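Yeah, the sequence shown ends on 993 if you go by the numbering used here, and it's all consecutive. From the three backbone atoms N, C-alpha and C, an ideal C-beta is built for every residue, glycine too. No experiment lies behind these values; they were computed from the predicted model shown. Down below is the structure, laid out as structure tokens.
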Amino acid sequence: MPHSLSVLVLAAGKGTRMNSQKPKVLHEIAGLPLVCHVIEAIKPLEPDNLVVVIAPDQEEIRGVVSPASIRIQEKSLGTGDAVKAGLSNLKNLCGTVLVAFGADPMITTSTLKRLISAREVVNPPDVVVLGFRTENPDRYGRLVLDTHGKLERIVEVSEAHTIDKPVELYNAGVMAVNGAKIIEFLEALSPENGKKEYYLTDIVRIALKKGGYAKVVEGEEEETLGVDSRADLAKAEAMMQVRLRMKMLNNGVTLVSPETTFLSHDTRIGRDTTIHPNVVIGKNVDIGESVEIKSFSHLEGATVSDEVVVGPYARLRPGTEIERGAKVGNFVEIKKAKIGKGTKVNHLSYVGDANVGQEVNIGAGTITCNFDGFKKHLTVIGDRAFIGSNTSLIAPVEVGENAIIGAGSTVTTSVDDNAISVVRGELKEIPNGAARFRTKRQRAWKKN
């Protein structure tokens, strides 16, 4: 019979130290809520059951973690009570129940697999606990081992002074428990402690009392970080960025200044692409091969094809598609627009709600005026069109293929293929007018 797996993610913590109106686990690092990082690590395990435990006032978590099942911990009575709530209505519990925490975003699939594998042996332990080594143990429970290296008990921080032998490993909280016995263990928990709560850690003692044994799987300290404060959140963000940057470097991406490049959890970048210093890549960005993203550019929700140059100081907003070999230069903003192959938008322009063809030249200061105060409208620019500097295209409008728009034009009607359109006021020159103007202004100034 296959080894079944049920996974509980405990996410009912109040997060008081976050000083926030939203649940702790919905705060984000790398553009993804903390609890979703945990779920992403769990998904490759293909559990038979995936349950997220929340508090009664945390319904907003439900939509974020879907399609995971939700269980409510009615009262804050500790981790043992949370696990009991999570297992309610789950039938045929056997195999392993894995318990993870929704505010531990650095946990990895490989570490979770190691915990599960530790139970898939002959004469398996009833409880497997993730432990780690640290030079700063003030926040963590102690893992006390017996002379054979098996886990004897978990001692809470507040009771660490009662330990009479050296401790090297600390409790990360993550556990893999015998599914056939976990209900029995939970029923034996008692709130006989200072907080009057049911501690999940006590099941180690209970398992041993009932004739079983427990063991520790050692993991990296980085993976055990639990976010309880804004400082923890900042630390987790920094750690995740290091992980994401290293992934890009290993995949053949050049990060000129890795420490100033900010990536999202879903960032995709092709090989031989160069990211210059101080670039921010938001969610849902796909960058091709041999692309150059220059400094101080910000990308979000954009697709950038091969051999494109972006920036410096460019902004690509959601819905942007940049085709092969195009150039988007300094102080250019593009939103919900397609920029065709080889097209140049080199400087000081806004292109929004537009479909721009191939080999188009967009002059400096060009604006697609897409909003009439009520609705956004589309601008279409055909292949090889030339848009002169300081042009305003009042959407909805279409500029045909090979058309030329003279600099300074305000275009309100469509322009045919191969046509030239120049829309600007007639130049009026007043001889010696400047001198007369200055004299008039000076007299007015003296009177005042």
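Below 8 Å, enough C-beta pairs join the segment 878-886 and the segment 849-868 to call them touching: three or more. One thing to note: Leu-555 has its Cβ no nearer than 8 Å to the Cβ of Thr-653. For the segment 692-735, the full-length beta strand (DSSP E) segments reaching 3 residues or more read 696-700 and 714-723 along the chain. Counted as a single uninterrupted DSSP element, the beta strand (DSSP E) harbouring Val-597 occupies residues 594-599. Among the bridge pairs identified by DSSP, Phe-677 is matched with Tyr-715. Taking the CA atoms as reference points, Ala-781 sits about 33 Å from His-548. Annotation note: the segment 568-618 contains the following uninterrupted beta strand (DSSP E) runs of length 3 or greater, listed N- to C-terminal: 594-599 and 614-617. Residue state for Ser-835 is assigned as coil, using DSSP reduced to three classes.
Using a 10 angstroms sphere on the CB of Thr-818, the tally of other CB atoms reaches 16 or more, which defines it as buried.
In the displayed model, Asp-898 falls within a strand according to three-state DSSP. For Gly-874, the enclosing beta strand (DSSP E) stretches over residues 872-884.
Between Ala-948 and Asp-928, the C-beta spacing is not below 8 Å. Per DSSP, Glu-763 is one residue of the beta strand (DSSP E) stretching across 759-763. Runs of the alpha helix (DSSP H) lying entirely within the segment 767-832 and spanning at least 4 residues, in chain order: 775-795.
A Cβ-Cβ contact shorter than 8 Å links Ser-809 with Lys-828. In summary, Leu-972 is exposed, with fewer than 16 beta-carbon neighbours lying within 10 Å of its beta-carbon over all protein chains present.
For Glu-866, the pairing in a beta bridge is given by DSSP as Thr-848 and Lys-883. Between Gly-724 and Thr-641, the gap from beta carbon to beta carbon is short of 8 Å. Inclusion of Tyr-743 and Asn-716 in the CB contact set at 8 Å is not warranted, their separation being larger than that value.
At the C-beta level, Gly-870 and Asn-891 stay beyond 8 Å of one another.
By the C-beta density criterion, Ile-965 is exposed, having fewer than 16 other C-beta atoms within 10 angstroms. In terms of Cα proximity to Lys-569, the closest of Lys-886, Ala-776, Asp-593 and Gly-887 is Ala-776. Per DSSP, the continuous beta strand (DSSP E) segment holding Leu-555 begins and ends at 550-555. Taking the CA atoms as reference points, Glu-845 sits about 52 Å from Pro-976.
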